[in-house]
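Protein chains in written order, with the numbering used here: chain A, 57 to 172; chain B, 222 to 336. Below is one structure, written out as C-alpha cells, with a few remarks after it.
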C-alpha cells in the first residue's frame with residue numbers, strides 16, 4: 057500500500073517558538089492532504105485540508121495564522137505551529153489521498169508535539 | 222451539524238465475535254470508513270462502505286444502512302492483537318463546506334480483548 061511519512065516523529069519545544077512538521081507521500085502523488093490533531097484518548101479532529109498549489113481550507117475554530125499550511129508539491133505538505141503554547145501539545149497526524157485511489161486515505165505515523 | 226456516535230469502550234474474549242456500532246448524522250454522505258488505531262500510532266484502514274449491505278474482508282466485516290444512518294464493524298475470531306481503538310469515519314459530500322471529501326471521525330471505541 058501507499059506510504060506516508062512524517063517528520064519529526066516527536067518534538068519538544070519551548071513556549072513561543074515555532075515548529076514545522078513535514079508530511080510526505082513516498083510512492084504516490086497526493087493532490088490533497090489532511091491535517092488532524094488528536095488529544096489523549098480522543099478521536100481525530102480535522103484541522104485543515106491542504107490542496108497542492110492553493111490555499112488550505114481550515115475547519116471552524118482553527119486559526120489559520122497560527123497553523124500555517126503549505127502544500128508546495130504533490131508529495132509534500134508542511135504544518136507550522138507558530139508561537140506554540142502548552143495547550144498546542146498534541147499528536148498531529150497527516151493523511152494523503154492518492155488521486156488514483158478515491159476510497160482510501162493513507163495516514164502518516166504522526167508527530168508528538170510537547171510544548172514546555 | 223455533524224454527529225458520529227460510537228460506544229466509548231468494549232471488552233471481549235479472545236476467540237469470540239464482537240460488533241462495534243456507529244450511528245451518524247451528517248449533512249452529506251459519500252461513504253463510511255472503519256479504521257484501527259493502536260495507542261500512539263496512526264490509524265490503519267480496515268473497510269469502506271458506500272452502498273447498503275455487508276462488506277467482508279477476512280476476519281473483519283462492515284455493514285451499512287444509509288436510511289438508518291447506521292454501520293457496524295464485526296470482528297471474528299478475536300485475537301489479543303485486536304485490542305485497539307476502532308474509529309468510524311464518514312466522508313462528507315463534495316459540496317459540504319467546499320472541502321475535498323474530508324473525513325469526519327467518531328470518538329472511537331476502545332476494544333480490550335481478554336484471554
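All C-beta atoms, glycine included, are put in the ideal place defined by N, C-alpha and C.
Is residue i helix, strand or coil by DSSP?
{"i": "residue 83 of chain A", "result": "coil"}
{"i": "residue 76 of chain A", "result": "strand"}
{"i": "residue 136 of chain A", "result": "strand"}
{"i": "residue 178 of chain A", "result": "The question about residue 178 of chain A has no answer, for chain A in this structure spans 57 to 172."}
{"i": "residue 320 of chain B", "result": "With a pLDDT of 44 at residue 320 of chain B, under the threshold of 50, the modelled position of that residue is not reliable, and the figure given next carries that caveat. The answer is coil: DSSP assigns residue 320 of chain B none of H, G, I, E or B."}
{"i": "residue 143 of chain A", "result": "helix"}
{"i": "residue 274 of chain B", "result": "strand"}
{"i": "residue 106 of chain A", "result": "strand"}
{"i": "residue 251 of chain B", "result": "coil"}
{"i": "residue 100 of chain A", "result": "coil"}
{"i": "residue 149 of chain A", "result": "strand"}
{"i": "residue 156 of chain A", "result": "coil"}
{"i": "residue 237 of chain B", "result": "coil"}
What residue from the options has the CA that sits closest to residue i's CA?
{"i": "residue 116 of chain A", "options": "A:166, A:145, A:105, A:61", "result": "A:105"}
{"i": "residue 324 of chain B", "options": "A:125, A:99, A:84", "result": "A:99"}
{"i": "residue 235 of chain B", "options": "B:309, B:313, B:331, B:298", "result": "B:298"}
{"i": "residue 129 of chain A", "options": "A:121, A:152, A:73, A:103", "result": "A:152"}
{"i": "residue 103 of chain A", "options": "A:119, A:109, A:110", "result": "A:119"}
List the residues of chain A that residue i touches, going by C-beta distances under 7 Å, in chain order.
{"i": "residue 323 of chain B", "result": "90, 102, 105"}
Beta strand (DSSP E) containing residue i: first to last residue?
{"i": "residue 303 of chain B", "result": "No beta strand (DSSP E) contains residue 303 of chain B, which DSSP labels as neither H nor E."}
{"i": "residue 263 of chain B", "result": "Element bounds for residue 263 of chain B: n/a, residue is neither H nor E."}
{"i": "residue 296 of chain B", "result": "291 to 296"}
{"i": "residue 59 of chain A", "result": "Unbroken run through residue 59 of chain A: none, as it is neither H nor E."}
{"i": "residue 223 of chain B", "result": "Here residue 223 of chain B belongs to no beta strand (DSSP E), and DSSP marks it neither H nor E."}
Find the residues of chain B that neighbour residue i, judging by a C-beta separation of less than 8 Å, and give them in chain order.
{"i": "residue 64 of chain A", "result": "Within chain B, no residue comes near residue 64 of chain A; the closest Cβ sits about 14 Å away, beyond 8 Å."}
{"i": "residue 166 of chain A", "result": "261, 262, 263"}
Taking residue i as the query, report the chain B residues whose CB atoms sit under 9 Å from its CB, ordered along the chain.
{"i": "residue 149 of chain A", "result": "263, 264"}
Any chance the region 87 to 95 of chain A sits against the region 305 to 312 of chain B, with 3 or more Cβ pairs inside 8 Å?
no
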